[in-house]
Amino acid sequence: MTRTLVCLPLALLLTHCAPTPDPATRALTGTWVLTEQLADIGDGSGTYQPVDSDRKLVFQADGTVTSNFNFCNPIDGGTRLRSAKWSLEDGQLQPDCRADRPLPFRLEEGVLTLTPFCIEACGERYAKVE
63 MTRTLVCLPL ALLLTHCAPT PDPATRALTG TWVLTEQLAD IGDGSGTYQP VDSDRKLVFQ
123 ADGTVTSNFN FCNPIDGGTR LRSAKWSLED GQLQPDCRAD RPLPFRLEEG VLTLTPFCIE
183 ACGERYAKVE
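Going by the numbering used here, the sequence shown wraps up at 192, each residue one higher than the last.
The structure is reproduced here in C-alpha cells:
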C-alpha cells in the first residue's frame, strides 16, 4: 500500500510535465542580434560584412518570433515590434505583415541566416545572445 501511495503521485507528476522541445527548437529559441549583412551590387560578388546594429529577433518555443524592426520594410526606421510564425520544417518565417511573402532562414553552426525579400542579393546573419 505504501508503494502505491508513493508511486501514484510520482506517476501523475510525470504525466503532467510539458514535453521537452527537440534540440533544433532549443537551439533556435532565444534572442538573436544582427552581426553581418550581405553587401552585393547585383553581380553576385557580394560578401557578408560586419555591422553594428540594434536589430533583434526573439524566437519562442511556441513557433512565434518577434523583432524590433519591420520584416516587410526593414528600412522604415520604426521600432514597432513585428511578429511572425516560424517553421523549422519549412525553414521559413511567415511575417504578420505579408503572409504571402515568407522569409527563408537556416541555422548552421550557431549562425542564423535570414534571407529577406530583396531585388538584389541580400542576407542577414544573427548571433544568439540569450
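Think of the CB as a built atom: it goes at the ideal place given N, C-alpha and C, for glycine as much as any other residue.
- Message: What residue range does the alpha helix (DSSP H) around L90 cover?
- Response: 85–90
- Ignore the nearest five residues each way along the sequence and tell me which others in L96's own chain have a CB closer than 7 Å to its CB. V113, S115, R117, E186, Y188
- Return yes when the Cβ of A123 is within less than 8 Å of the Cβ of T91, no when it is not. yes
- Touch test, the segment 104–112 against the segment 125–132, Cβ-Cβ under 8 Å, three pairs minimum: no
- Report the rounded CA-to-CA distance for T126 versus C159, giving the unit in angstroms. 14 Å
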